[in-house]
Amino acid sequence: MDAVSLNAAAGTQVPAASLRNAWVKFGQFTAIQDISLEIEAGAFYSILGPSGCGKSTLLRLVSDLIPPAAGEVSVFGKTTEAARLAREFAFVFQDATLLPWRSALKNVELPLEIGRSRGIDIPVSDKSPMELLELVGLKGREHALPHELSGGMRQRVAIARALVCKPKLLLMDEPFGALDEMTRDHLNLQLLKVWEETGVTILFVTHSIPEAVFLGQKVLMLKAHPGRLHEIVDIDLPYPRSIAQRDTPEFTRYSAHLRGLLEAC
Amino acid sequence: MTAVENTLNVIASDEAAEIAAARRNRLVAIATPVATAATLIFLWEAGVRVFGVPDYIAPTPSAVASTLVEEFPQLMRNFWPTLYESLMGFAVGNLAAVLIAVAFVHSRLAERAFFPIAVFINTIPILAIAPILVLIFGAGLTAKVVIAALICFFPTLVNMVRGLQAVSPQALELARILSASKSEVFWKIRLPSSLPFLFSALKIAATTSVIGAIVGEWVGADLGLGALIIDATFNFRSALLYATVFLSSGLSVLLFAAVTIAERLVVRW
Ligand SMILES: Nc1ncnc2c1ncn2[C@@H]1O[C@H](COP(=O)(O)OP(=O)(O)OP(=O)(O)O)[C@@H](O)[C@H]1O
Ligand SMILES: [Mg+2]
């Protein structure tokens with residue numbers, strides 16, 4: 573038995589992601605300076621911060637797209653590379669990044685096709701690709717090509733695709749940034765439903781303070797020049813959350829507090 | 067009639083009017099070039115007759131048309147070899163271009179070594195290189211196929227290299243997160259995303275391969291539309307010459323249409 577399963581057996585939770593004194597540099601430029609952080613498994617984190625403060629870089633660091641210049645990053649107790657090979661995390665980009673020649677269903681199936689010929693053991697969601705499309709509200713559109721879908725629908729296909737390998741960690745980089753407010757509200761509710769049903773850990777980057785408060789259990793606030801961790805704010809609002817909660821005084825207080833932090837950056 | 071019914075009727079008749087307008091537009095779009103062509107042909111016929119232009123300098127369109135009918139068996143006898151050479155050249159040239167493009171995309175060294183040579187070969191006019199190829203390959207089928215292939219090769223190479231590289235960085239990041247192998251990235255992402263580029267190259271090749279085959283036949287052949295063009299010219303059979311040219315461009319149109327149909331079936335996004 574390795575250390576990870578021992579920990580799990582002992583009931584102590586392995587953090588979904590853990591950064592220890594992590595730095596990221598692009599040449600001389602420091603994008604992330606000395607971040608230490610533990611992401612609790614199963615939690616929903618929103619990530620806020622001024623443009624260029626390293627939010628995307630942080631997600632790219634955790635997902636093994638870029639290496640740390642110094643420090644350590646682990647995902648569920650493994651190296652980021654081992655976690656990537658085991659498909660423990662999935663990424664949702666700002667634009668859906670669907671393959672335009674594949675139908676919605678075929679796009680969702682893509683992760684299952686990759687690696688199979690090499691005999692790699694990929695985890696598979698209990699839900700079929702079809703059921704995942706249904707989960708994100710796209711029943712009946714599974715054979716549509718991406719260009720036949722709206723921006724919000726494409727993003728939902730991307731979310732279904734991200735869930736198809738049963739990830740334990742979902743990294744989302746402004747997934748709803750390009751959508752109108754109504755669609756965004758709708759998708760926020762759907763995302764919370766997915767989170768509650770699957771128990772996945774979510775790191776959700778956004779530019780919108782209300783969105784960050786509405787979704788997250790915690791908000792990670794980063795600050796710029798160079799990118800550092802500014803503060804972690806706990807959002808003690810009950811789930812399931814509803815749009816009406818936005819008008820409550822607590823919600824407004826959290827928003828005002830975060831706005832203050834953002835302006836101080 | 068109530069106000070609502072009135073409004074509905076107005077809307078319905080608006081829709082009907084829109085459909086009618088769309089149909090009219092489509093008709094105009096087809097009728098305009100057809101009418102223009104018919105007028106030009108008429109002016110040509112009239113001009114030749116009025117000014118008494120001798121038949122061996124410029125035949126009337128009606129003479130060309132009757133030659134097309136009378137000489138149809140002879141024209142077809144020369145049509146098939148040219149079609150065959152064009153298709154073979156099209157297949158060989160494009161296949162080579164695609165394979166070399168794949169090699170270029172996988173190896174920067176191969177690209178650095180061979181791309182300048184490909185550019186150099188492309189700068190030699192096809193008319194200048196055709197006799198050399200006929201010397202090398204003889205007056206048979208091979209030389210014509212090689213010339214047709216050569217003329218297709220370069221545009222397809224350039225387009226295919228661009229197509230294989232035109233993958234969005236995000237799609238590549240997605241592949242990386244899925245730990246896709248190089249061959250998986252190629253088959254699942256690069257190759258399909260290059261198809262629109264490939265088809266625009268194939269459309270160019272559809273017409274240039276016919277040019278290649280005809281140029282090859284000019285240099286040395288007894289049969290084929292190119293040979294017939296030379297033959298008709300030197301015998302002052304201008305109506306036959308025009309009919310042959312007409313058939314040559316018909317062949318190009320045929321190949322172009324075939325590629326366009328294939329593109330519609332394959333590139334549905
Ligand atoms: N590949 C790269 N090469 C050089 N610099 C980079 C690279 N990627 C990011 N940077 C720099 O690192 C900093 C952080 O970038 P990052 O994309 O993480 O910001 P962000 O917080 O996601 O911003 P935004 O909110 O605008 O998306 C920026 O100053 C950016 O210019
Ligand atoms: Mg970003």
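If you read the protein sequences in the order shown, they are chains P and V.
So the first sequence is numbered by my numbering: it starts at 573 and just counts up by one.
So the second sequence is numbered by my numbering: it starts at 67 and just counts up by one.
Ideal Cβ positions, reconstructed from N, Cα and C, are used throughout, including at glycine.
Nothing here was measured: the structure is a model prediction, and the numbers come from that model.
Cross-chain neighbours of residue i in chain P, by beta carbon under 9 Å
i	result
V:E250	E685, I686, G687, S689 and R690
Proximity test, residue i beta-carbon vs ligand 1 heavy atom, cut-off 7 Å
i	result
V:F180	no
P:F665	no
P:A655	no
P:T669	no
P:T629	yes
P:A603	yes
P:F598	yes
P:H802	no
P:C625	yes
P:G723	no
P:F715	Note that residue 715 of chain P is His in the sequence shown, not Phe. Result no, Cβ not under 7 Å from ligand 1.
P:G621	yes
V:G155	no
P:G799	yes
P:H758	no
P:H829	no
V:H172	no
P:H719	no
Contact list for residue i against chain P, beta-carbon separation under 8 Å
i	result
V:L244	R659, L682, P683, I686 and G687
V:K254	L671, L682, E685 and I686
Contacts that residue i makes with chain V (C-beta to C-beta distance below 7 Å)
i	result
P:R656	I243 and S245
P:S635	I243
Chain V contact residues for residue i, given Cβ-Cβ distances below 8 Å
i	result
P:L717	R334 and W335
P:F663	E239, L240 and I243
Under 9 Å from the C-beta of residue i: neighbouring residues of chain V
i	result
P:T669	S234, Q236, A237, E239 and L240
Heavy atom of ligand 2 within 7 Å of residue i beta-carbon
i	result
V:E239	no
P:E746	yes
*State whether the region 610 to 628 of chain P contacts the region 676 to 683 of chain P, with contact taken as three or more CB pairs (one from each stretch) at a distance under 8 Å.*
no
*Going along the chain, which unbroken runs of the alpha helix (DSSP H) with 4 or more residues stay wholly within the region 619 to 666 of chain P?*
627 to 634 and 652 to 657
*asked:* Give me the subset of the region 797 to 825 of chain P whose CB atoms are less than 9 Å from a CB atom of chain V, sorted by chain position.
replied: none
*Three or more C-beta pairs closer than 8 Å, one from the region 736 to 755 of chain P and one from the region 646 to 666 of chain P: is that the case here?*
yes
_Count Cβ pairs between the region 124 to 131 of chain V and the region 181 to 196 of chain V that sit closer than 8 Å; are there 3 or more?_
no
*Relative to chain P, which residues along the region 256 to 268 of chain V have a C-beta separation below 7 Å, given in chain order?*
P258
*On the three-pair Cβ rule with 8 Å, is the region 259 to 267 of chain V touching the region 99 to 115 of chain V?*
no
*Spell out a yes or no on whether the region 696 to 710 of chain P and the region 639 to 649 of chain P are touching, meaning 3 or more CB-CB pairs, one atom from each, closer than 8 Å.*
no
*Between the region 200 to 210 of chain V and the region 285 to 294 of chain V, do three or more beta carbon pairs fall short of 8 Å?*
yes
*Does the region 243 to 252 of chain V come close enough to the region 214 to 227 of chain V to have 3 or more Cβ pairs within less than 8 Å?*
no
*In chain order, which alpha helix (DSSP H) runs of at least 4 residues are fully inside the region 220 to 269 of chain V?*
235 to 243 and 248 to 251
*For the region 599 to 608 of chain P against the region 792 to 803 of chain P, are there 3 or more C-beta pairs whose distance is under 8 Å?*
yes
*Between the region 757 to 770 of chain P and the region 592 to 604 of chain P, are three or more C-beta pairs nearer than 8 Å?*
no
_For a minimum of 4 consecutive residues, which ranges assigned as the alpha helix (DSSP H) are wholly contained in the region 166 to 226 of chain V?_
174 to 189 and 192 to 203
_Contained beta strand (DSSP E) runs [length at least 3] in the region 70 to 132 of chain V, N- to C-terminal order_ = none
*Below 8 Å, can you find three or more Cβ-Cβ pairs linking the region 83 to 103 of chain V to the region 816 to 825 of chain P?*
no
_contact_flag[the region 308 to 324 of chain V, the region 134 to 153 of chain V] where n(CB pairs < 8 Å) is 3 or more_ = yes
*Whole alpha helix (DSSP H) runs in the region 686 to 719 of chain P with 4 or more residues, listed along the chain?*
701 to 707
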